[in-house]
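Numbering (my numbering), first residue to last: -7 to 327.
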């Protein structure tokens, strides 16, 4: 049974959110930490919370735009025999099941989306994922099941960590907010305002899957669990070879020095973006165009977006780090 209370976001805030996110119907907050989700979540909370976890599952859990696709590419290759050629031929959306994909966006928006593209042959599997909840689709996956979610640990099955391997990637809140801002603006859900408004919502925990701080904190506090590999996006940026070896050790996969070299080459930002661009070019209908890409700039230390609010943001980040003890690496200078 789902153990958390689900409540509507206070009306004035909900109205504000709906003025920004044109593709949603409304928002709710869940449990004592007030995680924010859209209205669709109500109908599926119990399904996500009670799904069956298998011992050979491989999960990646992140707040959105924290290096998810980059990391699960590494994980998928390691769990599929280090087959780099196959990795190039499989779209990243088909490598890991996105658990909550079907609940994103309003029912009206999704109905129009599906109607507009009902005759599109390519990405038919993705269309089916939009129709069906992930906790049902997961039953159809072959093992080892590769699962991606942005839900925080407390909204996932309570036995997850005791049963399966879970990778959690955290990213500095400033860079995470900027990346989410541009990503949201490019999706059908949209975001109709400037970055300053977006940052305020991010800070207040009123974006989907937020608050970011609580999301990361839940995983940080479980970082010593033997089935959880917690690390920072900035760790990947600084030492991809070293992180590749650590991932292989966590997943209990053998990896040679030549494999590490090949992995680093495959996971370079330019290579990953080029591979994704090829899939985007081949796609038709709703999946055609750069706005559906996951690789935007791949950098750390965004500054331009904070030129008017930088001091206040830095003060907030400093207080948050002191309060939580989470040692977010500074993104400045990370290339």
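A virtual CB, placed ideally from N, CA and C, is assigned to each residue, including glycine.
Exercise. By DSSP, does residue 171 sit in helix, in strand, or in coil?
Worked result: It is helical.
Exercise. Who are the Cβ neighbours of residue 159 in its own chain at under 6 Å, not counting the five residues just before and after it?
Worked result: Sequence-distant partners of residue 159 (beyond 5 residues in either direction) whose C-beta falls short of 6 Å from its own C-beta, in its chain, are 52, 221.
Problem set entry | Residue from 36, 206, 198, 68 whose Cα sits closest to the Cα of residue 124 | Comparing C-alpha distances from residue 124 to each of 36, 206, 198, 68 shows the shortest one belongs to 36.
For this session: Count the other CB atoms, across all protein chains shown, that sit within 10 Å of the CB of residue 281; report buried if there are 16 or more and exposed otherwise.
Result: Below a pLDDT of 50, predicted positions are generally treated as unreliable, and residue 281, at 46, falls in that range; no measurement from the model is reported.
Exercise. Using the beta-carbon count (16 or more within 10 Å), is residue 205 buried or exposed?
Worked result: The C-beta of residue 205 has 16 or more other C-beta atoms within 10 Å across all chains shown, which makes the residue buried.
Exercise. In this structure, does DSSP put residue 156 in helix, strand or coil?
Worked result: Coil.
Exercise. By how many angstroms is the C-alpha of residue 135 removed from the C-alpha of residue 71?
Worked result: Using only the alpha carbons, I get a separation of about 10 Å.
For this session: Would you list the residues sitting across from residue 19 in a DSSP beta bridge?
Result: Here residue 19 is bridged, per DSSP, to 30.
Exercise. For the putative contact between residue -4 and residue 18, defined by C-beta atoms under 8 Å, what is the C-beta separation to the nearest angstrom?
Worked result: In fact, because the Cβ distance is near 18 Å, the residues do not count as touching under 8 Å.
Exercise. Can you tell which of -2, 9, 181, -1 has its C-alpha closest to the C-alpha of residue 193?
Worked result: The shortest C-alpha separation from residue 193 is found at 9.
Exercise. Distance, Cα to Cα, residue 313 vs residue 165?
Worked result: The straight-line gap separating the alpha-carbon atoms of residue 313 and residue 165 is approximately 10 Å.
For this session: Check the C-beta distance from residue 413 over to residue 47 and give it rounded, since I have them as a contact under 8 Å.
Result: What is shown of the chain runs -7 to 327, which leaves residue 413 out entirely.
Exercise. From residue 40 to residue 310, what distance separates their C-alpha atoms?
Worked result: Approximately 34 Å, taken between the alpha carbons.
Problem set entry | Exposure of residue 132, with buried meaning 16 or more beta-carbon neighbours within 10 Å | It counts as exposed.
For this session: Determine the DSSP secondary structure at residue 233, reduced to helix, strand or coil.
Result: Residue state, collapsed to three classes: helix.
Exercise. Does DSSP put residue 89 in a helix, in a strand, or in coil?
Worked result: Strand, per DSSP.
Exercise. Mapping DSSP to helix, strand and coil, what is residue 319?
Worked result: Residue 319 falls in the coil class under three-state DSSP.
For this session: Rounded to whole angstroms, what's the CA-CA distance from residue 150 to residue 49? Just pull it up for me.
Result: So the alpha carbons of these two residues sit roughly 15 Å apart.
Exercise. In terms of DSSP beta bridges, what is residue 147 paired with?
Worked result: Note: residue 147 is not bridge-paired with any residue in the DSSP secondary-structure output.
For this session: Compute the distance between the beta-carbons of residue 189 and residue 12, then report whether it is under 8 Å.
Result: Cβ atoms of residue 189 and residue 12: closer than 8 Å.
For this session: Identify which residue in 199, 224, 266 has its Cα closest to the Cα of residue 209.
Result: Ranking the options by Cα distance to residue 209, first place goes to 224.
Problem set entry | CB-CB length for residue 202 against residue 101, believed under 8 Å | Cβ atoms of residue 202 and residue 101 stay farther apart than 8 Å, at about 21 Å.
Problem set entry | Three-way DSSP call (helix, strand, coil) for residue -1 in this model | Strand at residue -1.
Problem set entry | Helix, strand or coil at residue 179 [DSSP, three-state] | Taken through DSSP and simplified to helix, strand or coil, residue 179 comes out as coil.
Exercise. Are there 16 or more other CB atoms within 10 angstroms of the CB of residue 57, so buried, or fewer, so exposed?
Worked result: Burial call: buried.
For this session: Could you name the residues of the same chain whose beta carbon sits closer than 6 Å to that of residue -1, not counting the 5 residues immediately before and after it, in chain order?
Result: Once the five neighbours on either side are set aside, the close Cβ partners of residue -1 are 21.
For this session: Give me the Cβ distance between residue 68 and residue 138, rounded to the nearest whole Å; I'm assuming they're in contact under 8 Å.
Result: The C-beta distance from residue 68 to residue 138 rounds to 6 Å, short enough to fall under 8 Å.
Exercise. What do you reckon, are the CB atoms on residue 147 and residue 28 nearer than 8 Å?
Worked result: Cβ distance not < 8 Å, so residue 147 and residue 28 don't count as in contact.
For this session: Answer yes or no: do residue 211 and residue 129 have a C-beta to C-beta separation smaller than 8 Å?
Result: No.
Exercise. How many whole angstroms separate the CB atoms of residue 214 and residue 153, which I take to be in contact at a CB cut-off of 8 Å?
Worked result: Taking 8 Å as the upper bound for CB-CB distance, residue 214 and residue 153 are in contact here, some 6 Å apart.
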